[in-house]
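See below for the structure under consideration.
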Ligand SMILES: C[S@@+](CC[C@H](N)C(=O)[O-])C[C@H]1O[C@@H](n2cnc3c(N)ncnc32)[C@H](O)[C@@H]1O
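In the numbering used here, the protein residues as written are 233 to 481.
Shown next as structure tokens:
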């Protein structure tokens, strides 16, 4: 089988075409519900509505579809932020059960401004749910920061310190909201067995798919935006020696 396949499609429609119980890990970084339009050199997309009921109507079908396509012990990592993390956790709990909750991961990215009105917002949230208790998990190791362990590696905690991409970063491909490969590499290796299938139903520039293929997993993805498909395809093709298949709908 080809190691990656991407399609231009709405997430829910795309996932409906997948077999039930076929996906080991679903990572998604869906529209955060900012109500804004994101624009950069190679992409521009309208985020989902910020109003809670509109966002619920938008996201609930995604959660149902993800639950269906996951293997009996599959994992979902839902990347979000302060706007809707509390709602998304409840909706995930309703579908996966309270016992499906594994972690509320904090991605502390560092960059960004300050505020005179509140504590500056410097993290995103990644909700980790598993469909069954026998899920795959290989604890990632990160550099220790305590004086006692300085220079050694230790198991990562649920707070991940990974710098966000600055404008000069080598891996920047011009997609607004592009996430760092270092973050996705850590998550994919931790939560998907080698050879397993990683799904990203709204891949944007394709960072999760690159992390999957580069670490010996298979990748499947959907995005509604043709510009995202073009950017992700460029990035995937630049990986060496892998069979390729792309389908546009
Ligand atoms: C936050 S970006 C993903 C960024 C990505 N993680 C990266 O590293 O580049 C969200 C993506 O969701 C896509 N999107 C929005 N609505 C969608 C839908 N209904 N189905 C599939 N993709 C959608 C947008 O086109 C955009 O590429």
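Even glycine gets a Cβ: it sits at the ideal position worked out from N, Cα and C. What you are looking at is a predicted structure, and each value in this text was computed from that prediction instead of being measured.
From 311, 296, 330, 302, residue whose alpha carbon lies closest to that of residue 358
311
Mapping DSSP to helix, strand and coil, what is residue 379?
It is coil, neither helix nor strand.
Near ligand 1: residue 439 beta-carbon under 8 angstroms from a heavy atom:
yes
Need the endpoints of the beta strand (DSSP E) that residue 291 sits in, please.
Note, residue 291: premise wrong, no beta strand (DSSP E); alpha helix (DSSP H) at 284–301.
Would you kindly work out how many angstroms separate the C-alpha atoms of residue 298 and residue 354, rounded to a whole number?
28 angstroms
Going straight from the alpha carbon of residue 236 to that of residue 350, what length do you get?
43 angstroms
Determine the direct distance from the alpha carbon of residue 256 to that of residue 425, and round the result to whole angstroms.
8 angstroms
Cβ separation of residue 335 and residue 417, assumed to be a contact under 8 angstroms, to the nearest whole Å:
That pair is no contact at about 18 angstroms.
Go ahead and pull the three-state DSSP assignment for residue 398.
coil
From 378, 427, 439, residue whose alpha carbon lies closest to that of residue 404
439
Nearest to residue 446 by alpha carbon, out of 305, 326, 428?
428
Looking at residue 304 and residue 363, is the spacing between their C-beta atoms short of 9 angstroms?
yes
Within a Cβ cutoff of 8 angstroms, which residues of the same chain sit near residue 382, ignoring the five residues on either side of it in sequence?
Cβ within range, chain order: 376.
Proximity to residue 324 [Cα-Cα], best of 360, 249, 250, 313
360
Would you report the Cα separation of residue 491 and residue 454, rounded to the nearest angstrom?
One cannot answer for residue 491 here, as it falls past the ends of the chain, which runs 233 to 481.
Please find out if some non-hydrogen atom of ligand 1 comes closer than 8 angstroms to the beta-carbon of residue 269.
no
Sequence-distant residues of the same chain with beta carbon closer than 7 angstroms to residue 481, five excluded per side:
The pLDDT assigned to residue 481 is 33, lower than 50, so where the model puts this residue is not dependable; a value taken from the coordinates is nonetheless given after this. 239, 240, 241.
Enumerate in chain order the residues of its own chain whose CB-to-CB distance from residue 396 is below 7 angstroms, with the five nearest sequence positions on each side excluded.
341, 342, 343, 412
Buried/exposed call for residue 332, threshold 16 Cβ in 10 Å:
buried
Assuming residue 327 contacts residue 296 under a Cβ cut-off of 8 angstroms, what Cβ separation, rounded to an integer in Å, is found between them?
6 angstroms
Assign residue 393 to one of three DSSP states: helix, strand, or coil.
strand
Checking contacts by CB at 9 angstroms: is residue 401 closer than that to chain E?
Of the protein chains in the structure, only one exists, and it is not chain E.
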